[in-house]
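Residue numbers (our numbering): 1 to 260.
Every residue, glycine too, gets a C-beta built ideally from N, C-alpha and C.
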Ligand code: APR
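This is the structure we're talking about:
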């Protein structure tokens, strides 16, 4: 995962959320990419907004392997706070709209989220991958250790509380893809990008790679690319349609139109 440098391209006009979208055909395959914006209406902060998660933190202090080696306590405190907050929130209409779309499309639907929260699962999504990992999972910090990530909602607030791996004795870490690390499930993601005919991107600023380039990859195979969010993303010129508005308001309507 890394921050993107995008070329300057002329921006096309975005549309307000009173749209008419062509319904899907029986051949269409939909790839959905979601970012922090889809969970904003549930009460989880985005990363780069005014109250964003990165506002009070230097990314390099809490979201890199080097940060964990230097100060595992600070890293665990950051993720423990997020775990506690997650326990107080619920899925919103945007998450449920994607479940509706999945029911309509079956295996022609694929959801890739950059979010580490569990709100898509809470709503009922099944065909989903978390490319940046899961907040509610923990794993061994030693790369060569084969111990699998496990479900874990506990908070670790001091160095003494951080558990060690039962297999190799190394410190356990959050199951999160940090900056400088390779996102999860990339083979499956690239295959789905290759075969999709519609790319629906929701609530992501379009500045973090590789996700920021998915729209370009999907368009190589002529997929129709639609963006939903209250503001234009940094990779806006690559989208055919930009529907400005909150995901919880726009997505339920869009799914109805797509499903015909
Ligand atoms: N509905 C839809 N989109 C929204 C809403 C909403 N209600 N509220 C905010 N947004 C949009 C913002 O306009 C912004 O474009 O969500 C986007 C959030 O952007 P970021 O904070 O940059 O989050 P994201 O793009 O998901 O970040 C990508 O970067 O920091 C890393 O690993 C982290 O997965 C994360 C990745």
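Distance from the Cα of residue 156 is smallest, within the candidate group 123, 179, 77 and 226, for 77.
The Cβ atoms of residue 214 and residue 33 lie closer than 8 Å to each other. Counting along the chain, the unbroken alpha helix (DSSP H) around residue 122 starts and ends at 119 to 123. Relative to the ligand APR, the beta carbon of residue 86 is positioned no closer than 7 Å to any heavy atom. Looking at the DSSP output, residue 116 sits in no beta bridge, so it has no partner there.
Unbroken beta strand (DSSP E) stretches of 3 residues or longer found wholly inside the segment 163 to 225: 172 to 176 and 198 to 202, given in chain order. Between the C-alpha atoms of residue 221 and residue 252 there is a straight-line separation of about 27 Å.
Placement of the Cβ of residue 38 at a distance of less than 7 Å from at least one heavy atom of the ligand APR is found.
Within the segment 48 to 135, the complete alpha helix (DSSP H) runs of at least 4 residues fall at 59 to 62, 65 to 70, 72 to 86, 93 to 105 and 119 to 123. Taking the CA atoms as reference points, residue 60 sits about 6 Å from residue 67. Residue 246 has its Cβ nearer than 7 Å to a heavy atom of the ligand APR.
For residue 120, the Cβ stays outside the 7 Å cut-off from all heavy atoms of the ligand APR. Residue pairing by DSSP places residue 34 opposite 113 and 202 in a beta bridge.
The Cβ neighbour count for residue 88, taken over all protein chains shown within 10 Å, is under 16; the residue is labelled exposed.
When only Cα atoms are considered, residue 147 and residue 163 end up about 14 Å apart. For the pair residue 26 and residue 248, the CB atoms are not nearer than the 8 Å cut-off.
Collapsing the DSSP output to three states places residue 249 in a helix. Boundaries of the beta strand (DSSP E) harbouring residue 241: 241 to 244, taken from the DSSP string. Looking from the CA of residue 113, the closest CA among 199, 140 and 237 belongs to 199.
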